[in-house]
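Colleague:
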Amino acid sequence: MPYKVGVLIGSLSSTSINRKLAMALQKLAPEDLVLEEIPIRDLPLYSQDYDQTFPPVAREFKAALEASDAVIFVTPEFNRSLPGALKNAIDWGSRPWGTNSFAKKPSAVTGTSPGNISTAVAQQHLRSILSFVNSPELSSPEAYIHFTPGLIDDDGNVSNQGTADFLRSWLDAFAVFVSRVTTAVNDGQA
Ligand code: FNR
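Residues in the sequence shown are numbered from 4 upward in steps of one, following our numbering.
1. Would you please state the rounded distance, in angstroms, between the beta carbons of residue 78 and residue 13? I believe it to be under 8 Å.
2. Quick check on the burial criterion: 16 or more other C-beta atoms within 10 angstroms. Buried or exposed for residue 95?
3. Quick check: what's the CA-CA separation for residue 43 versus residue 93?
4. Quick check: does the Cβ of residue 151 come within less than 8 Å of any heavy atom belonging to the ligand FNR?
5. Could you check which residue in 127, 150, 54 and 173 has the C-alpha nearest to that of residue 101?
6. Starting from residue 36, trace the beta strand (DSSP E) both ways and give me its first and last residue.
7. Can you give the beta carbon distance from residue 137 to residue 105, rounded, assuming they're within the 8 Å contact cut?
8. CB-CB under 6 Å to residue 134, same chain, minus the five flanking residues each way: which ones, in chain order?
9. Grab me the residues of residue 65's own chain with a C-beta within less than 8 Å of its C-beta, minus the 5 sequence neighbours each way, in chain order.
10. Checking the sheet assignment: what are the DSSP bridge partners for residue 11?
11. Between residue 115 and residue 20, is the Cβ-Cβ spacing less than 9 Å?
12. From the DSSP output, in three-state form, read off residue 180 for me.
13. Among 161, 157, 177 and 178, whose alpha-carbon lies nearest the alpha-carbon of residue 17?
14. Restricting to Cα atoms, I'd like to know which of 73, 155, 10 and 27 is closest to residue 183.
15. How is residue 2 classed by DSSP in three states: helix, strand or coil?
16. Use the C-beta contact count for residue 192: other C-beta atoms within 10 angstroms, 16 or more gives buried, fewer gives exposed.
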């Protein structure tokens with residue numbers, strides 16, 4: 004059985020280059036990973052007031068996380084950090100207290116930007132949050148994708164062979180990592 008991977012895209016933009024990257028990952032994934040987006044767009048801003056009764060959209064979000072064996076984050080960088088929408092989604096997923104949907108769930112982080120450091124700072128901030136919510140993260144290889152015009156089209160086709168090969172190898176490394184973490188968790192070793 005392939006591993007089911009939930010994909011959280013940090014951008015709400017209708018022309019998002021990170022969505023294009025997520026589509027490319029979906030296409031390039033090895034047979035043992037099946038990637039599917041978990042939408043975050045309609046989540047309201049989280050408040051503890053919701054903890055007694057989560058709204059349906061948040062219940063669906065948490066159910067989709069729970070049904071995933073692993074999570075891939077594909078995020079833009081906003082003002083040298085992750086977008087608020089993505090942080091908000093993580094806050095929903097981590098709550099109510101005692102039902103943290105990220106705990107022990109393997110994750111990987113990537114993102115693309117036209118900027119020269121290609122979401123590196125946003126990814127570091129995201130890694131810090133993922134550590135706190137106890138999600139084992141793929142630490143290496145890192146995946147900072149510098150977006151140039153036409154690099155990935157609207158259907159997720161990557162025009163640069165080197166980038167496509169790199170993304171494929173990154174996904175292969177994640178598949179190995181997910182298998183290792185899942186086995187350890189199931190054996191009570193993690
Ligand atoms: C940006 N952008 C940006 N880029 C970057 O490399 N580092 C940054 O800190 C920022 N900061 C930033 C803040 C805000 C509010 C916006 C709207 C944009 C540019 C950003 O990389 C570019 O708009 C990407 O296209 C955003 O990704 P999506 O939404 O197209 O996936």
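Just so it is clear, CB atoms sit at the ideal spot from N, CA and C, and this is done for glycine as well.
Modeller: Reading it off the structure:
1. Along the sequence shown, read from residue 1 onward, the residue named residue 78 stands at position 75. Along the sequence shown, read from residue 1 onward, the residue named residue 13 stands at position 10. The Cβ separation is near 3 Å, so the contact holds.
2. Counting from one through the sequence shown, the residue named residue 95 turns up at place 92. With 16 or more other Cβ atoms within 10 Å, it is buried.
3. For the purposes of this step, residue 43 is identified with residue 40 of the sequence shown, where counting begins at 1. For the purposes of this step, residue 93 is identified with residue 90 of the sequence shown, where counting begins at 1. Residue 43 and residue 93: Cα-Cα distance of roughly 9 Å.
4. In the sequence shown, counting from the first residue as 1, residue 151 sits at position 148. Of the heavy atoms belonging to the ligand FNR, none sits nearer than 8 Å to the Cβ of residue 151.
5. In the sequence shown, counting from the first residue as 1, residue 101 sits at position 98. Out of 127, 150, 54 and 173, 54 has the C-alpha closest to the C-alpha of residue 101.
6. In the sequence shown, residue 36 corresponds to position 33, counting from 1. For residue 36, the enclosing beta strand (DSSP E) covers residues 36-40.
7. By 1-based counting over the sequence shown, the position of residue 137 is 134. By 1-based counting over the sequence shown, the position of residue 105 is 102. Contact flag correct, Cβ pair sits at about 7 Å.
8. Start at 1 with the first residue of the sequence shown, and residue 134 comes out as number 131. Excluding positions up to five away in sequence, the list is empty.
9. As a position in the sequence shown, residue 65 is number 62, starting the count at 1. Within the same chain, residue 65 has close Cβ partners 57, 95, 96, 102 and 104.
10. Within the sequence shown, the letter at position 8 stands for residue 11. DSSP output for residue 11 lists 76 as bridge partner(s).
11. If you number the sequence shown from 1, residue 115 lands on position 112. If you number the sequence shown from 1, residue 20 lands on position 17. Closer than 9 Å, so yes.
12. Working through the sequence shown from its first residue, we reach residue 180 at position 177. Looking at residue 180 - three-state DSSP - the assignment turns out to be helix.
13. Start at 1 with the first residue of the sequence shown, and residue 17 comes out as number 14. Nearest C-alpha to residue 17: 157.
14. The count along the sequence shown starts at 1 and reaches residue 183 at position 180. Checking every option, the nearest Cα to that of residue 183 belongs to 73.
15. With the chain represented from 4 up to 193, any question about residue 2 goes unanswered, as that position is not in the structure.
16. Within the sequence shown, residue 192 is the residue found at index 189, counting from 1. That one is exposed.
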